[in-house]
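Residue numbers (my numbering), protein chains in the order written: chain A, 312 to 616; chain B, 12 to 307; chain C, 44 to 474.
Contents: one structure, followed by commentary.
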Amino acid sequence: MEHENIKYFLELFLSGLTKGSIYALIALGYTMVYGIIEIINFAHGEIYMIGAFTALIVSSVLTMFGFPMIAILILATGTAIIYSSAYGYTIEKIAYKPLRQAPRLSPLISAIGMSIFLQNYVLLAQTENFMKFNSLIPEFEWLKPYKEIIGTEELIIIIISAIVMIALTLIVKYTRLGKAMRATAQDRMMARLVGVSVNKIISFTFIIGSALAAIGGVLIASYIGQINYYIGFIAGLKAFTAAVLGGIGSIPGAVLGGLVLGWTESFGTGYISSDYEDVFAFSLLVLILIFRPEGILGRSTSQKV
Amino acid sequence: MKPILDVKNLTKDFGGLRAIDSLDIKIFRGEIVALIGPNGAGKTTFFNCITGIYKPTNGEVAITHPKRDTEIINDLVPNVVVNPLFRFLPESVLKSLKKYFPQLLFRSLKPNEITERGMARTFQNIRLFKNMTVLENVMIGRHCRTNAGIPGAVIRGPGTRKEEKEVIEECYRLLKKTGLDHLSDELAKNLPYGDQRRLEIARALATEPFLLLLDEPAAGMNPQETKDLVDLIYKIRDEDQISILLIEHDMKLVMELSERIYVVDYGKGIATGTPEEIRDNPVVIKAYLGEDIEDA
Amino acid sequence: MLTFEEIKKSFLVSLWFIFLTFPIMVIRVNSNENTIDWRWENIAIVGIASFVLSFFWRDFFRRKKLGQKKLSKDKQKSSALIELLNSKKEIKYGLLGAIITFAIAYPFVLGPYQTNIMISALIFVVLGLGLNIVVGLAGLLDLGYVAFYAVGAYTYAILNTQSGIIGHGLLQLSLYLNDLFGTTFFEIIAQPWSFWIVLPLAMLIAGICGLILGFPVLRLRGDYLAIVTLGFGEIIRLVLENWNELSNGPSGIAKIAKPNFGVSLNSIESIPFIYFLMIFLVLFTIFVVNRLQISRIGRAWMALREDEIACQAMGIDTTKTKLTAFAMGASWAGMCGVMIAVKTSFINPASFTFMESAIILSIVVLGGMGSVIGVIIGALILSLLPEYLRAFDDYRMLVFGATMVIMMIFRPQGIISNVRSTYKIIRKQKI
């Protein structure tokens with residue numbers, strides 16, 4: 312009995328970690344964009360959804376031509392990353408760039424509009440039904456004995472997310488581009504004066520954020536096994552929760568927030584009720600915004616007067 | 012006589028930066044006092060601290076309304092307004108508990124409550140309600156002196172109508188006083204710069220203050236406008252018995268207008284006295300010459 | 044105008060969009076049945092459309108730049124339509140008369156089907172006006188507006204059908220009161236509640252919900268507030284979906300009674316009555332909103348929208364002001380909820396998704412934030428257009444989304460911008 316309990320706990324812990332890693336991947340996009348231009352990129356969830364759809368389309372086509380599994384995995388993921396980035400880049404140019412000087416609500420409404428537009432674009436151009444997503448990740452033989460606790464997909468998700476996040480941290484910390492990003496986030500005007508091409512940095516931020524969302528999209532689609540046009544909305548909202556939870560604008564915060572959210576959901580559904588999975592996430596969002604709007608790792612900023 | 016504004020040992024830190032360092036300022040009834048200092052000396056931060064927008068790191072701000080008792084309005088350990096949840100407790104119990112749970116039992120006054128108590132301000136970077144008319148901007152100032160609610164607004168009975176009429180008349184009077192009456196239906200954003208500054212003053216006056224805080228009222232004004240401003244400030248003081256504390260960079264205006272001057276540098280009070288005393292004070296000259304010759 | 048440079052630019056844009064939309068527009072996979080559908084013709088559509096649109100796009104920004112240089116010479120141009128109406132009394136009253144005649148004749152001339160459509164449109168008008176208080180006047184972006192709509196609808200549905208735990212609780216209560224006082228309260232509280240009692244009650248309950256939800260979240264900055272209200276909206280929907288004992292879950296509540304208008308009517312006969320009731324509610328809403336706009340509270344809302352810090356520094360309690368706006372908006376949504384329950388006789392959680400909030404928001408955005416006439420026109424356009432252009436129905440949400448983006452970029456003030464009221468008393472004094 313005792314043993315069963317521990318196993319159940321471990322299972323929940325690992326599934327929370329898996330979900331949390333995905334949330335973290337998407338949350339990074341929110342946090343980076345917010346850090347740079349202080350806009351909640353509402354359409355970020357849709358970029359993730361488009362990434363998943365692109366991967367589905369590419370893998371279906373390649374399967375038809377009889378490509379080997381590993382090639383499909385690489386090509387589908389690569390295409391998804393390219394396309395999501397391209398969408399992210401274009402969205403910024405259309406919906407946000409003209410509104411840089413506008414009052415705060417304008418870009419937010421524009422973002423919501425963009426999000427609704429993209430959902431329905433995929434709905435109309437593809438389908439409203441759930442589509443089966445064949446797993447792209449091979450099964451590891453040596454993991455079989457532990458199957459009840461952790462599957463290959465979960466392990467892969469955790470590992471890939473960790474690698475990507477470490478890479479991102481290194482980029483932001485040590486490269487020229489990363490330094491320019493941080494400078495732009497601190498003071499856009501000043502960054503421009505010292506020769507940082509602010510427009511390029513903003514585009515670059517959207518591209519990186521979208522690429523991360525695409526990776527998250529492919530991973531979760533093959534983990535859950537089906538996608539539709541609406542997955543981006545809920546995932547986006549949860550990833551936003553993760554970003555706020557950790558402290559929006561902070562990269563380690565997004566990772567921590569994602570994990571905390573993943574665990575909250577996993578333990579909440581595991582020990583309380585599985586009907587209310589989304590309610591746990593939203594309640595956490597509401598609570599954190601009420602009691603600690605600056606997030607776990609964020610610093611409170613007082614408005615300039 | 013009690014000072015109407017009594018700031019003791021006010022300190023404000025932003026992270027590791029000390030923006031204001033144990034500043035003491037007293038203002039008496041009917042005075043025009045200037046607060047001067049080089050850019051970044053902490054003058055606007057001081058305004059934000061005493062109007063409740065920032066919470067001071069240390070020190071105490073107290074006001075004495077001419078018709079009421081002294082009230083501490085902003086303090087390190089807020090000690091004025093008890094949270095409504097605990098209001099039923101007797102005062103002695105509250106006082107003894109204060110040591111242990113200051114943040115739980117007490118909060119400091121919000122900016123609107125401070126304005127209600129009679130201290131109104133203008134902003135350095137003009138903060139008008141841009142898409143409202145000039146008259147409406149002033150009417151907003153009357154908000155805390157009137158009390159029509161939603162039922163009143165919908166039914167619009169005689170009481171509400173009378174109040175509304177009085178508000179409009181009073182605001183119109185203030186616009187006349189500030190010389191903006193001909194622009195009353197114009198949107199605030201369409202006013203020239205100098206008029207916008209005067210509108211800020213009119214709006215602040217509408218709250219019926221006994222102390223008016225002006226943050227660089229002459230910034231961006233031409234000499235004629237500045238001259239009109241001086242007249243206006245005298246008029247406000249003499250006709251309405253409103254004391255004035257102003258931050259200003261225009262030394263000519265400061266010397267002409269103020270009866271006493273406080274000089275701050277790096278958040279510290281470095282000198283205080285009459286304009287003549289300040290003019291010849293070597294510490295002040297050094298602080299200014301070290302930074303900005305034009306202003307001295 | 045059409046220089047080589049311009050054409051080249053647009054050509055590149057259209058190439059980019061062909062690339063961008065290629066997988067999603069051209070290849071349609073059905074992984075459930077393993078079929079792939081290639082739609083090459085879509086390349087041409089995307090290419091041509093983006094080629095043409097990019098001209099308009101650049102032309103607009105060029106004009107905007109020129110406009111800024113010219114300075115805002117004709118500031119009032121945006122309200123030219125209203126100016127015209129105000130200046131010519133005959134036109135104004137003629138138009139008003141035509142609208143009134145049209146509104147009265149509508150149900151008799153066009154029949155129940157059309158009238159039902161118009162009732163929905165009028166509900167959207169009121170929803171738009173209610174959200175306009177929150178978003179347009181007070182500047183608080185509320186993305187969970189539909190939650191209060193749901194509260195209103197479920198209040199009437201539950202009290203009218205006496206279903207779920209609340210129905211059961213009321214029955215128990217009536218029995219208990221019976222024991223206590225000896226008289227039966229069964230007739231009063233454990234019978235289907237009358238529409239006329241529930242309508243104000245639902246407004247009150249929705250308003251209180253607005254206060255309860257608003258109180259903790261209204262300290263938040265604009266964009267956070269938007270997300271939290273969105274979260275609240277989803278929580279309420281999920282609770283309605285999962286708490287079967289309260290709301291009968293996803294299958295919803297059916298057989299909700301229509302109001303009794305003094306005569307017994309079947310459901311077709313009652314349509315014109317509901318229609319006129321709705322017209323009355325629209326007029327009532329317009330009246331209230333207009334009164335609020337020129338009141339002390341209304342001015343405080345606008346000041347809050349313009350500059351929160353200055354607003355607080357001028358002695359306005361921002362928390363209280365926000366709460367009143369939030370609660371006002373919410374009670375109007377509650378009223379609409381009752382009306383939708385009455386109109387359809389059946390409600391379920393699927394009618395109260397985020398999309399519904401988004402539609403109401405796009406009504407406000409399209410119409411012009413803060414403008415009553417604009418919001419009415421926006422609501423009529425956005426709710427009637429999909430009904431009459433059936434082909435358009437599929438593209439409805441797509442168009443709504445695009446509308447929100449386009450309006451924000453090209454015309455943030457909406458189709459009819461809000462005209463500031465002036466106060467007459469001054470003119471008298473001037474003379």
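We put the CB at the ideal spot given by N, CA and C, even for glycine.
Being a predicted model, the structure only gives us computed values, none of them experimental.
- Taking the C-beta atoms as reference points, B/I289 is found no nearer than 8 Å to B/F58.
- Taking each of A/A335, A/L598 and A/P449 in turn and checking the Cα distance to A/A546, the smallest one comes out for A/A335.
- Residue-level contact by beta carbon fails for A/Y485 and chain C, as no gap is shorter than 8 Å.
- As DSSP reads the structure, C/F327 sits in no beta bridge.
- Counting C-beta pairs closer than 8 Å gives fewer than three between the stretch 66-76 of chain B and the stretch 45-54 of chain B, which falls short of the contact rule.
- Among the CB atoms of chain B, none fall inside 8 Å of the CB of C/G250.
- Any Cβ of chain B closer than 8 Å to the Cβ of C/L58 would place that residue at the interface, and such an atom is absent.
- Residue-level contact by beta carbon holds for C/R334 and chain B, with a gap shorter than 8 Å.
- Contact annotation: A/G543 and A/Q430 have beta-carbon atoms nearer than 8 Å.
- For C/R71, the beta-bridge partners assigned by DSSP are C/D80.
- The alpha helix (DSSP H) runs of length 4 or more contained entirely in the stretch 524-563 of chain A are, from start to end of the chain, 542-557.
- Within chain B, the residues whose beta carbon sits less than 9 Å from that of C/I359 are N123, T126, I151, H154 and C155, listed in sequence order.
- At a cut-off of 8 Å between beta carbons, B/A164 contacts chain C.
- Note: A/M442 is bridge-paired with A/I538 in the DSSP secondary-structure output.
- DSSP lists B/L222 as the beta-bridge partner residues of B/M130.
- Excluding residues up to 5 positions away in sequence, N20 and T22 lie with their Cβ nearer than 6 Å to the Cβ of B/S33 in the same chain.
- Burial state of A/S561 is buried, judged by a 10 Å Cβ sphere holding 16 or more other Cβ atoms.
- Of the candidates B/M262, B/P234, B/E270 and B/E236, B/E270 places its Cα closest to the Cα of B/R248.
- Note on geometry: alpha-carbon atoms of B/D35 and B/K78 lie some 24 Å from one another.
- The Cβ of C/V178 sits no closer than 8 Å to any Cβ of chain B.
- Identification of residues in the stretch 426-441 of chain C having a C-beta nearer than 9 Å to some C-beta of chain A yields D437, Y438, R439, M440 and L441, given in sequence order.
- In terms of beta-carbon proximity, A/G424 lines the interface with chain C, with at least one pair separated by less than 8 Å.
- For the stretch 259-275 of chain C, the beta-carbon criterion of a distance under 9 Å to any beta-carbon of chain A is satisfied by P259, V260, R262, L263, R264, G265, D266, Y267, L268, A269, I270, V271, L273, G274 and F275.
- Interface annotation for the stretch 394-426 of chain A against chain C: Y394, A397, Y398, T401, I405, A406, P409, L410, A413, P414, R415, L416, S417, P418, L419, I420, S421, A422, I423, G424, M425 and S426, criterion Cβ-Cβ distance under 9 Å.
- Annotation for B/D239: the continuous alpha helix (DSSP H) segment containing it runs P234 to D251.
- Between C/F275 and A/I427, the CB-CB gap reaches or exceeds 8 Å.
- Contact between the stretch 381-394 of chain A and the stretch 85-97 of chain C is absent: fewer than three C-beta pairs spanning the two stretches fall below 8 Å.
- Secondary structure at C/T361: helix, using DSSP grouped into helix, strand and coil.
- Listed as beta-bridge partners of B/D276 by DSSP are B/K279.
- Using a CB distance below 9 Å, the part of the stretch 362-384 of chain A facing chain C consists of F364, T365, L367, I368, V369, S370, S371, V372, T374 and M375, ordered along the chain.
- Distance from the Cα of A/I469 is smallest, within the candidate group A/F320, A/L325 and A/I317, for A/L325.
- In the structure shown, C/D222 falls within a helical segment according to DSSP collapsed to helix, strand and coil.
- The DSSP-derived three-state label of B/K19 is strand.
- It is roughly 14 Å from the alpha-carbon of A/L373 to the alpha-carbon of C/R71.
- Taking each of A/K318, A/I538, A/G581 and A/I423 in turn and checking the Cα distance to A/V433, the smallest one comes out for A/I538.
- Taking a Cβ-Cβ cut-off of 7 Å, the neighbours of C/P455 in chain A comprise A413 and S417, given in sequence order.
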